[in-house]
Amino acid sequence: MSDLVSILDGNTFLVSDDRGDIEPAPDAPTGLFSFDTRFLSTWVLTLGGARLHLLSADDAHSYQSQFFLAPGEPMHDLDTRVSLMRHRWISEGLAEQLTVFNHSRETIRLTVRVAMGTDFADLFEIKNVQPKQGRVTAEPGHNELRLVYQRAGFRRESLITSSTDAEVDAEGMTFHIRIGPHDEWNTLLHVAAVIRDTKGRDARAVLPLIGDRTPQVILAEQQELIDRAPKLGCDCGPLAGAYRRSLNDLAALRYQSITIGVRLIAAGLPWFMTLFGRDSIFTSLQILPFLPDLVPPTITILAGLQGTRIDDFRDEEPGKILHELRYGETAGFEEQPHSPYYGGADSTPLFVILLDEYERWTGDGRLVRQLEAQTRAALAWIDTYGDLLGTGYVWYRTRNPTTGLPNQCWKDSPDAITRADGGLPGFPRATCEIQGYAYDAKIRGARLARKFWNDPDYADRLEREAAELKARFNRDFWIEDGEYYALALDPEGRPVDALTSNIGHLLWSGIVDESRAGRIAEHLLGPRLFSGWGVRTLATGQSRYNPVGYHVGTVWPFDNSIIAWGLRRYGYREEAGQICEAILSASQHFGGRLPEAFAGYQRSLTEYPVQYPTACSPQAWSAGTPLLLLRVMLGLEPQQEHLIIDPMVPEGMGRIELLDIRGRWGTVDALGRSRGPHDPSRGH
2 MSDLVSILDG NTFLVSDDRG DIEPAPDAPT GLFSFDTRFL STWVLTLGGA RLHLLSADDA
62 HSYQSQFFLA PGEPMHDLDT RVSLMRHRWI SEGLAEQLTV FNHSRETIRL TVRVAMGTDF
122 ADLFEIKNVQ PKQGRVTAEP GHNELRLVYQ RAGFRRESLI TSSTDAEVDA EGMTFHIRIG
182 PHDEWNTLLH VAAVIRDTKG RDARAVLPLI GDRTPQVILA EQQELIDRAP KLGCDCGPLA
242 GAYRRSLNDL AALRYQSITI GVRLIAAGLP WFMTLFGRDS IFTSLQILPF LPDLVPPTIT
302 ILAGLQGTRI DDFRDEEPGK ILHELRYGET AGFEEQPHSP YYGGADSTPL FVILLDEYER
362 WTGDGRLVRQ LEAQTRAALA WIDTYGDLLG TGYVWYRTRN PTTGLPNQCW KDSPDAITRA
422 DGGLPGFPRA TCEIQGYAYD AKIRGARLAR KFWNDPDYAD RLEREAAELK ARFNRDFWIE
482 DGEYYALALD PEGRPVDALT SNIGHLLWSG IVDESRAGRI AEHLLGPRLF SGWGVRTLAT
542 GQSRYNPVGY HVGTVWPFDN SIIAWGLRRY GYREEAGQIC EAILSASQHF GGRLPEAFAG
602 YQRSLTEYPV QYPTACSPQA WSAGTPLLLL RVMLGLEPQQ EHLIIDPMVP EGMGRIELLD
662 IRGRWGTVDA LGRSRGPHDP SRGH
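As numbered in our numbering, residues 2 to 685 make up the sequence shown, in order.
Right under this line is the structure:
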């Protein structure tokens, strides 16, 4: 996907080739998408019937791009009379200003055509190609082309309009133009992505934030959010670049839900442009010190959509927090269970963790009191539906073997939960990091119960259960020979003995015995797990290790940010700094935008991290990674009405200054400086 260009605003996005063209691709995420539907699958510009070649492209802004094009084949002595510019931006659909320049001294006549079409594919249909069940029709009109998809009460439309006269047919628009000497011609094309409800109304027309989405409006909205974040001053170029890019991407990923009407952060382009339980919670945890205002909508929506019943199709259970919410055709007709889907065993304890962390930062006790019932229900789920085998652990096994997710932890690919010899355990499975989340949720739930719900007995019970879980976990998950924690337990309670990055999440949760933390830190920074660019998801030497395997050897920035946070919690500050340095060094090779994942090759093999071919970018929890790494390096920790600042900046990184950190204390500044001198040759 390296030669593709993408722009986005909220969960509306466009992916084209490097000329700005979109060609039919039933199995690739190219096109114009909004709310899980592809509204354009063909958008091809020709001049005189011929394709154009690229002179230059500018996609510096997330929401707009420009392409400069010329006819003919690129040659050393190219001297064309004509050039073209495509300036496009997201505007509740797509707006494209098309300009043709006449560089000659004579009047010229040209034929410009834009081929247009769409398959109205659902994102799930692109991942798993299948024929459409409904009917696509084209309705040419005066300077407009309406493409319509109808399947029972499900209706989507692409309304394409031109600001100048065009010959319109079912497959596009043709312009016969005349341009004077050294003059130009232009037209504005607009594609409205129309979502009809069951009564035929435009479902987005009633949303309060919908309006004239010009580049200026989008820029102003994004800048307003960025201006609320703390101001960073530092000597480290990669950190400064990653911080700026992360704030821009987080601003761009905000979208307004059709069904809910508030702004949320989409998980990642192209596959995950919607609300996810796990991803949204981790992103919220990462951004709390920087953009706390973005967190309450996520908490509130997750609480509002909390499971209330047993629904095998959706993996729903009382008290369970959703995994994923979709708006497309396959969800609407229940061909996929994502309306919403609850197939994640970790979202529920993570919800409790986020609510507590949010209050610790902001002092917003009102929200904690408001969500008491939902938080109690989440804690109850851990010990009831979550404990499938009655052993005191959280297990997972889908209730929906047809379309449900088999793996319901963050490493959810089919081969991710593996033994060292490559064997795959049966179901149910209890992965180690989820037990850590459950432990932390109980500890934090006890604090909330004691401080806000006036229920000390419940708090005492939760703390007692947490202590019992910690003791039991350290007995059953510890692999004595390797001195690390098992990835999971199988249905018989036997350890699944692969060495993985999950052990770093255990440090973050606090479930690791102090006497064992040092050995875990050694594993995480040892040559089997640490590539030099970050901690691999699976250690070298394991049978399924693959440096370009999705969860079996790649490096995930989000994963590393949680690991660094965990190392810091147990006092391994220098080790946490190593991870911070590695990930930030990697970021500069991606233009400051950390992708979903990158390859796990050893750093000594190459001077740059190797791209993972289908990584989402931008992705919310990757965008949140530099922010959490900043918190780790500066040692930011809320403590009642104060913010503790205990910096440990990696050697050679120089000065880091973060101004106007908002929280229950008002605003404070933090300053840290590495012990060694700043060395520009290191790229910092």
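C-beta atoms are modelled at their ideal positions from N, C-alpha and C, and glycine is treated no differently.
From a predicted model like this one, the values you see are computed outputs, not experimental measurements.
Distance between residue j and residue i (C-alpha atoms, nearest Å)
i: Leu372; j: Glu97; result: 45 Å
i: Thr162; j: Gly592; result: 35 Å
i: Glu638; j: Gly667; result: 14 Å
i: Pro30; j: Lys128; result: 8 Å
i: Asn249; j: Cys235; result: 18 Å
i: Ala421; j: Gln579; result: 26 Å
i: Thr43; j: Ser532; result: 41 Å
i: Tyr609; j: Pro182; result: 48 Å
i: Gly201; j: Arg147; result: 15 Å
i: Leu389; j: Glu317; result: 14 Å
i: Ala71; j: Asp184; result: 16 Å
i: Phe352; j: Pro216; result: 35 Å
i: Gly173; j: Gln67; result: 21 Å
i: Gly142; j: Ile259; result: 29 Å
i: Trp90; j: Ala167; result: 21 Å
i: Leu449; j: Ala460; result: 8 Å
i: Ile480; j: Phe474; result: 11 Å
i: Phe453; j: Gly366; result: 7 Å
i: His643; j: Pro290; result: 13 Å
i: Arg665; j: Ile219; result: 30 Å
i: His685; j: Ala540; result: Its pLDDT being 37, under 50, His685 is placed unreliably in this model, and the coordinates cannot settle the point.
i: Glu484; j: Thr392; result: 23 Å
i: Val115; j: Leu189; result: 12 Å
i: Asp18; j: Leu99; result: 17 Å
i: Ala346; j: Arg315; result: 13 Å
7 Å Cβ shell around residue i - same chain, five flanking residues per side excluded
i: Ile383; result: Thr349, Pro350, Val395, Ala439, Ala442
i: Leu286; result: Leu355, Glu358
i: Ile646; result: Leu635, Gly636, Leu637, Ala671
i: Leu53; result: Arg20, Leu46, Leu70, Ala71, Pro72, Leu85
i: Asp413; result: Leu406
Cβ-based neighbour list, residue i, same chain, cut-off 6 Å, excluding 5 preceding and 5 following
i: Ala268; result: Phe277, Asp280, Ala621
i: Phe125; result: Thr331, Gln337
i: Val263; result: Pro298
i: Asp120; result: Ser42
i: Tyr386; result: Glu318
i: Gln375; result: Ala304, Gln307
Span of the beta strand (DSSP E) around residue i
i: Gln67; result: 65–72
i: Asp170; result: 168–170
i: Gln257; result: 255–257
i: Trp90; result: 83–91
i: His54; result: 53–59
i: Ser7; result: 6–10
i: Val658; result: The question names Val, but residue 658 in the sequence shown is Glu. 656–664 is the span of the beta strand (DSSP E), which, as asked, contains Glu658.
i: Ala671; result: 667–674
i: Glu523; result: Run containing Glu523: none in the beta strand (DSSP E); it sits in the alpha helix (DSSP H), 515–526.
i: Phe102; result: 94–103
i: Lys232; result: 232–235
i: Arg264; result: 264–266
Beta-carbon separation (whole angstroms), residue i vs residue j, contact threshold 8 Å
i: Glu582; j: Pro651; result: 4 Å
i: Tyr328; j: Phe559; result: Contact flag wrong, Cβ pair sits at about 25 Å.
i: Leu507; j: Cys433; result: 6 Å
i: Leu660; j: Leu630; result: Wrong, their Cβ atoms sit about 18 Å apart, outside the cutoff.
i: Ile322; j: Ala379; result: 6 Å
i: Gly94; j: Ala194; result: 4 Å
i: Pro1; j: Leu254; result: Because the chain is modelled from 2 through 685, residue 1 falls outside the range shown and cannot be assessed.
i: Gly535; j: Val556; result: 4 Å
Endpoints, alpha helix (DSSP H) assigned at residue i
i: Leu226; result: 216–229
i: Lys443; result: 433–452
i: Tyr296; result: The question names Tyr, but residue 296 in the sequence shown is Val. Per DSSP, Val296 belongs to the alpha helix (DSSP H) from 296–305.
i: Phe474; result: 457–477
i: Ile504; result: 503–510
Sequence-distant residues of the same chain with beta carbon closer than 8 Å to residue i, five excluded per side
i: Ile227; result: Leu248, Asn249, Ala252
i: Arg674; result: Pro648, Val650, Gly655, Arg656, Ile657
Let me know the alpha helix (DSSP H) ranges lying completely inside the segment 569–645, each 4 residues or longer, listed in chain order. 574–588, 621–624, 626–635
Every unbroken alpha helix (DSSP H) within the segment 366–405, with a cutoff of 4 residues, ordered by chain: 366–371, 373–384
At what residue ranges does the segment 108–189 contain a whole run of the alpha helix (DSSP H), taking only runs of 4 or more? 124–128
Secondary structure, alpha helix (DSSP H): runs of 4+ residues fully inside the segment 271–352: Listed in chain order, the complete alpha helix (DSSP H) runs (minimum 4 residues) inside the segment 271–352 are 278–288, 296–305, 330–333.
Every unbroken beta strand (DSSP E) inside the segment 7–46 [3 residues or more]: Listed in chain order, the complete beta strand (DSSP E) runs (minimum 3 residues) inside the segment 7–46 are 13–17, 32–35, 38–41.
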